[in-house]
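Participant:
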C-alpha cells in the first residue's frame, strides 16, 4: 500500500530543495581514494563523503565526487569567493570619493611629503571647495525651509497632514472633512494651486454679487485639497532615505578610521619598486607593463591629534548636521507634496542635495586629486586572519566547507543574515522623521483624523537661520490671530 502524501510546509520544502541539490553529479567513473576518508575537522571531506546517502528517490544511486568535474570546481570556487568576501566585508573601510575624502586625505599626504607646493595647493583647493559645498547645500536647505515656513503661509496654505486619506470611507470616516469645510469625494480632489484658484473664484463672485452668495455657494464648488496617495507618499519618503543613507555610512566609516588609526605622525606615502636582483628597473617595467606610479603606495596610517580634531570639526560634524537637516527637510517636503507624480519626482530630486559635494569634486577639483583618492589603499580594521587560513586550505577542504553549508540546518545566524540591515535602518530613520513631521505640524481632530494645526501668518518674511534648521528648538514670531483653523462642521471654513 503506498504511503499517504504528507503536507509539506515552506521550511520542509526548503530543506528538501537543499537535499536535492546537495550532491555533485559525476561525469566519470573516478571515485575518491580510501586514504582521504580519515576522520578530520568538523567540516572535513571525510564527514561529507561518509554521510548517509541523500537521494531524491529510493532507487537513485549515490554519486561519487569527481575532482575533474565542473561542478566540483564551481563549489570550490564558491568557498574561496565567499570566504574572502566574508572575511573582508566587516573590516574594509572605503573613504568617500568626494570633497570630504580629498579634505581628509590630501593634508596627510602633504604632511608626509613635507608640504611641497603642489600638494599644498591641492589641500587649499580642497578646503576652499569644501566651504563652497557647505554654503551651497545649506543655502538650498534654507530656501526650502523658507518656502515651507514663510511663503506657503502667506499664500494661505495649511499643512497637508492626512487630508483626504480616508476618503474611501467617507462620509462617515474619521478624516472626511477637508480644509475647506466640506466632505471629501473622489470627484472633488485638487492640488493646492487648483484648489486655491477655485476657492478664490468662488469668494470673488460672492464679493461682487453678495445678494447671490447662496446661489454661488450652491453652483460654484471649489472642491477640497487633499493627498492623492498616502501609501505612495510614505514609500517615497523611505526610498529617499535609502538614497541618502550611503552618505551617513560614509561619515560613520570616516569616524571608524579616525578611531582605529594611531595618534602619531606616520607617513601616508611609500615607494616600493620590484626586487631588482635579476634585472634592471627599466627591464622590469618593460616586461611587466608598469610605470613609476604603479610602485607608489598611498595608505592610511597614523594621524597626529591636531589633524584628528581638525577632521572632526571641519568634516565629520558639519557632514552629520548637513545630513540630518537634509533628511528632515526632505521628509517634510515630501509629506507636503500632494500629487503622486510630484512626490515621485521630488524624492529623486531631493537626493541631489547630498550629491553636490561629489559634483564639485568631479568638475572643480583637479584630475590629480581624484586619481590620488583612487590610488589610496583600502583601510582594514584589524587583521584578516581568516583569509590567511583560507589560503592554506586544499581544494578538498574547501569543497567540504562548501558542502557543510549545503548539508547543515539553518541556524539563528543564517536567519539573521537574511535581514537587510540597511533597509531596516532606512525604515527606522524615515519613520522617525515622519513622526517628527506629524508632531510639529499636525493635530488630531475630534473625529480622530490627523489635520493641520491652526495657521497664523509670520510677522515678516525673514526666517532666522536657526529656525530654518532647528525649528523644534528655535521658533519665530507669528501674528496673534489665525488665518485658518480646521472646520468642525461641513461648509463652515474659517
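Residue numbers (the numbering used here): 65 to 558.
Yeah, the Cβ is synthetic: ideal placement off N, Cα and C, and Gly gets one too.
Keep in mind it's a predicted model, so treat the numbers as computed, not measured.
Rounding to the nearest angstrom, what Cα-Cα distance links residue 319 and residue 301 in this structure?
Facilitator: The alpha-carbon atoms of residue 319 and residue 301 are separated by roughly 27 Å.
Participant: Output the residue ranges of the alpha helix (DSSP H) runs that lie fully inside the region 451-481 and measure 4 residues or longer, sorted by chain position.
Facilitator: Those alpha helix (DSSP H) runs which fall completely within the region 451-481 and span 4+ residues are 459-471, 476-481.
Participant: Looking only at its own chain, which residues have a Cβ that is under 6 Å from the Cβ of residue 139, when we skip the five neighbours before and after it?
Facilitator: Closer than 6 Å at the Cβ level, and outside the excluded window around residue 139, lie 463, 466.
Participant: Any C-beta of chain C sitting closer than 8 Å to the C-beta of residue 551?
Facilitator: Absent from the structure: chain C. Only one protein chain is present.
Participant: Please go through the same chain and pick out, in chain order, the residues whose beta-carbon is closer than 6 Å to the beta-carbon of residue 422, but skip the five residues on each side of it.
Facilitator: Once the five neighbours on either side are set aside, the close Cβ partners of residue 422 are 162.
Participant: Mark residue 497 as exposed unless 16 or more other C-beta atoms lie within 10 angstroms of its C-beta, in which case mark it buried.
Facilitator: So residue 497 counts as buried.
Participant: Tell me where the alpha helix (DSSP H) around residue 171 begins and ends.
Facilitator: Segment 163-176, the alpha helix (DSSP H) holding residue 171.
Participant: Compute the distance between the beta-carbons of residue 504 and residue 414, then report whether it is under 8 Å.
Facilitator: No, the Cβ-Cβ distance between residue 504 and residue 414 is not below 8 Å.
Participant: Which term fits residue 524, buried or exposed, when burial requires 16 or more other beta carbons within 10 angstroms of its beta carbon?
Facilitator: With fewer than 16 Cβ atoms within 10 Å of its Cβ, residue 524 is classed as exposed.
Participant: Quick one: give me the first and last residue of the alpha helix (DSSP H) that residue 542 is part of.
Facilitator: Element bounds for residue 542: not the alpha helix (DSSP H) but the beta strand (DSSP E), 542-548.
Participant: If distances are taken between C-alpha atoms only, which option among 298, 251, 309 comes closest to residue 287?
Facilitator: Selected option, being the one with the closest Cα: 251.
Participant: If residue 543 and residue 527 are in contact, beta carbons under 8 Å, what's the gap, nearest whole angstrom?
Facilitator: Not a contact, Cβ separation roughly 15 Å.
Participant: Less than 8 Å between the beta carbons of residue 517 and residue 392, yes or no?
Facilitator: No, they are not a contact pair.
Participant: For residue 178, count neighbouring C-beta atoms within 10 Å of its own C-beta (all shown protein chains included) and say buried if the count is 16 or more, exposed if not.
Facilitator: Exposed: under 16 other Cβ atoms inside 10 Å.
Participant: CB-CB under 7 Å to residue 204, same chain, minus the five flanking residues each way: which ones, in chain order?
Facilitator: Taken in chain order, the residues that qualify are 417.
Participant: Quick check on DSSP: helix, strand or coil for residue 333?
Facilitator: Strand at residue 333.
Participant: Could you tell me the alpha carbon to alpha carbon distance between residue 197 and residue 307, rounded to whole angstroms?
Facilitator: Near 19 Å, if we compare the C-alpha coordinates of residue 307 and residue 197.
Participant: Can you give the Cα-Cα distance for residue 509 and residue 547, rounded to whole angstroms?
Facilitator: Each residue's Cα considered, the two are about 18 Å apart.
Participant: Suppose you measure from the CA of residue 241 to the CA of residue 209; what does that come to, to the nearest Å?
Facilitator: The straight-line gap from Cα to Cα measures roughly 28 Å.
Participant: Nearest-angstrom Cα distance between residue 540 and residue 212?
Facilitator: Residue 540 and residue 212: Cα-Cα distance of roughly 13 Å.
Participant: Would you list the one or two residues that DSSP bridges to residue 508?
Facilitator: Answer by DSSP bridge pairing, in chain order: 514.
Participant: Using the beta-carbon count (16 or more within 10 Å), is residue 395 buried or exposed?
Facilitator: By the 10 Å Cβ count, residue 395 comes out buried.
Participant: Are residue 174 and residue 187 closer than 8 Å when you measure CB to CB?
Facilitator: It is a contact, given that the beta carbons lie within the stated cut-off.
Participant: Which stretch, first to last residue, makes up the beta strand (DSSP E) that contains residue 520?
Facilitator: Here the beta strand (DSSP E) through residue 520 covers 519-522.
Participant: What does the alpha-carbon distance come out to for the pair residue 473 and residue 135?
Facilitator: Distance between the alpha carbons of residue 473 and residue 135 is about 22 Å.
Participant: Take the Cβ of residue 256 as the centre, count every other Cβ of all protein chains shown within 10 Å, and call the residue buried at 16 or more, exposed below.
Facilitator: With 16 or more Cβ atoms within 10 Å of its Cβ, residue 256 is classed as buried.
Participant: Using three-state DSSP, classify residue 552 as helix, strand or coil.
Facilitator: It is coil, neither helix nor strand.
Participant: To the nearest angstrom, report how far apart residue 159 and residue 221 are at their CA atoms.
Facilitator: Looking at the two C-alpha atoms, the distance is approximately 43 Å.
Participant: Give the straight-line distance between the Cα atoms of residue 333 and residue 193, rounded to the nearest whole angstrom.
Facilitator: In a straight line, the C-alpha of residue 333 is about 24 Å away from that of residue 193.
Participant: Please determine, among 399, 445, 274, the residue with the shortest C-alpha to C-alpha distance to residue 156.
Facilitator: The candidate whose alpha carbon is nearest that of residue 156 is 445.
Participant: Using a Cβ-Cβ cut-off of 7 Å (strictly less than) and excluding sequence neighbours within five positions of residue 125, which residues of its own chain qualify?
Facilitator: Only weak support exists for where residue 125 lies, its pLDDT of 42 falling under 50; the value from the coordinates is given anyway. None.
Participant: Here's a check: name, in chain order, each residue in its chain whose Cβ is nearer than 6 Å to the Cβ of residue 228, leaving out the five neighbours to either side.
Facilitator: Hits under 6 Å: 248, 290, 291.
Participant: Grouping DSSP H, G and I as helix and E and B as strand, with all else coil, what is residue 503?
Facilitator: Reduced to three states, the DSSP call for residue 503 is helix.
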